[in-house]
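Take any residue in the sequence shown, count from 1 to its spot, add 594: that is its number in our numbering. Idealized CB from N, CA, C, for every residue including glycine. Here the structure comes first, spelled out in C-alpha cells, and everything after it is commentary.
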Amino acid sequence: MPGLIRFNAMLVVAHPQLPEAAEQASEIAAFLRSQGISASDGLLYDEAVKEHIQNGKSNLLIALGGDGTMLRAGNLCAPFNLPILGINMGRFGFLTEIQQGHWRDFFPRLFSGDYWIEHRMMLRCEQWRKDQILGTWEVLNEIVVSRGQAVRPIHLITQVDGRYLTTYVADALIASTATGSTAYALAAGGPILPPELRNILLVAVAPHLSIDRAIIMAEGSSVSITVETTHQAVMSPDGHGPIELQHGDRIDVFASQHSVQFVRFQDPGYFYRNLMPHMSQNPSTGNPR
Numbered sequence: 595m596p597g598l599i600r601f602n603a604m605l606v607v608a609h610p611q612l613p614e615a616a617e618q619a620s621e622i623a624a625f626l627r628s629q630g631i632s633a634s635d636g637l638l639y640d641e642a643v644k645e646h647i648q649n650g651k652s653n654l655l656i657a658l659g660g661d662g663t664m665l666r667a668g669n670l671c672a673p674f675n676l677p678i679l680g681i682n683m684g685r686f687g688f689l690t691e692i693q694q695g696h697w698r699d700f701f702p703r704l705f706s707g708d709y710w711i712e713h714r715m716m717l718r719c720e721q722w723r724k725d726q727i728l729g730t731w732e733v734l735n736e737i738v739v740s741r742g743q744a745v746r747p748i749h750l751i752t753q754v755d756g757r758y759l760t761t762y763v764a765d766a767l768i769a770s771t772a773t774g775s776t777a778y779a780l781a782a783g784g785p786i787l788p789p790e791l792r793n794i795l796l797v798a799v800a801p802h803l804s805i806d807r808a809i810i811m812a813e814g815s816s817v818s819i820t821v822e823t824t825h826q827a828v829m830s831p832d833g834h835g836p837i838e839l840q841h842g843d844r845i846d847v848f849a850s851q852h853s854v855q856f857v858r859f860q861d862p863g864y865f866y867r868n869l870m871p872h873m874s875q876n877p878s879t880g881n882p883r
C-alpha cells in the first residue's frame, strides 16, 4: 500500500563512530531543506536527538549506519510511532533500505508517497528477583540469557504461558523476534522467519543433553526463564549489557505494545531476495564474492 504520510519534518542521524555518516547526514539535511522540508541532523546517541524524538518534532527519522544503528533507532522511535528510513553505512544492512551513496535516487519516491511501511514486532523483557522487578528493556532482535566467563553451562527453567516447558542445560538461551531470526539465533542454528511474523523464537546455544531444536511460539505467547547456577550468569538485550543475573532471577519475555516502522521502497518480497547473497558470503570476513 502506498505511503499515506506526507513527511514534512525529518531528523537525520548518524552513528557517532562513522565520520563519513555524520558528513552525509549534514548533506542530506541540507538537501531536504533546499526542497522546502524542515530537517535537522545529529548523532544517534546525543541527548538532543532523544529529546527531539520525544517531543514529536519530526515525522520521519533517517538513520545512517549499520544494523546496530537501526536497532538503536528502533528502540528510540517505536514508542513514538516514528517511521525510520535506513541508509546503509555498515556491512550487512539487513535492516537498512538504501545503499550508501544512492539516497538521491530514492528521495523523489519518498516525496511522492511511493513507499510502504513495514511493521516489525518488538519484545519486552523484565528482570525479576523474587517479587521485585529490577529492570525492563524493549528489543527488536533478541534477549540472550547466558553463562558468564566460566566455561560451564547454566540451567534455565523455561515456562511458556505459565506452564513448564523444559529445563535447558546450555551456554545460553535466545528469545528472538522474527527480525532477530537472522541474527544470533541464525548463528546458533535457528530457522529464518519472515519479518512480518509476530512470534517468539527460542534457540538454545550449545545445549547439553537438552532440547537442541528451535521452538517457535504462537503470537501472543509469553516466556519465563529462571536461572539456576552456582557461577556467573548474564543477560544481554539486543547485544547490550552484560547485565548480571543471580541464582533464581527470572526473565519474562513477551510481545511489546510497540512496533518498529521501516520505510520500504522494495516490493514485499525483498526479504529473501536480499538475504540469500548474505547466506553465501559473510561480508565481515573481507573475502571477495
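Item, Value
"7 angstroms Cβ cutoff met for Met664 and Gly680", "yes"
"Pairwise C-alpha distance: Val754 and Leu803", "20 angstroms"
"Cut-off 8 angstroms between Cβ atoms - residues of its own chain near Cys671, not counting five sequence neighbours on either side", "Ile647, Leu655, Pro677, Ile678, Val854 and Gln855"
"Cβ separation of Asp640 and Val606, assumed to be a contact under 8 angstroms, to the nearest whole Å", "With a Cβ gap of about 13 angstroms, Asp640 and Val606 do not count as contacting."
"Close beta carbons around Arg627, own chain, < 6 angstroms, minus the five adjacent residues each side", "Ala633"
"Whether Ile768 touches Tyr778 by CB criterion (7 angstroms)", "yes"
"Residue burial classification, Ile748 (beta-carbon count within 10 angstroms, cutoff 16)", "buried"
"Residues bridged to Ala603 [DSSP beta-bridge criterion]", "Ser632"
"CB-CB length for Ala827 against Val821, believed under 8 angstroms", "5 angstroms"
"C-beta contact flag for Ser815 and Leu717 at 7 angstroms", "no"
"4-residue-minimum alpha helix (DSSP H) runs that sit fully inside the stretch 647 to 735, ordered along the chain", "661 to 671 and 697 to 706"
"Neighbour flag for Ala764 against chain B, beta carbons, 7 angstroms", "Of the protein chains in this structure there is only one, and it is not chain B."
"Ile599, buried or exposed, once every other Cβ within 10 Å from all chains shown has been counted against 16", "exposed"
"Where the beta strand (DSSP E) through Tyr758 begins and ends", "Arg757 to Ala764"
"Alpha helix (DSSP H) segment containing Ala772, residue limits", "Unbroken run through Ala772: none, as it is neither H nor E."
"Cβ-based neighbour list, Glu614, same chain, cut-off 6 angstroms, excluding 5 preceding and 5 following", "none"
"Beta-ladder partner(s) of Glu838, from DSSP", "Val828"
"Coarse secondary structure for Val738, derived from DSSP in three states", "strand"
"C-alpha distance - Gln693 paired with Gly650, whole-angstrom precision", "27 angstroms"
"Pair within 7 angstroms by beta-carbon distance, Phe688 and Thr776", "yes"
"Three-way DSSP call (helix, strand, coil) for Gln851 in this model", "strand"
"Cβ separation of Asp832 and Glu736, assumed to be a contact under 8 angstroms, to the nearest whole Å", "7 angstroms"
"Contact check, Ile809 vs Leu796, beta carbons under 7 angstroms", "yes"
"Segment limits, beta strand (DSSP E) that includes Val799", "Ile794 to Val799"
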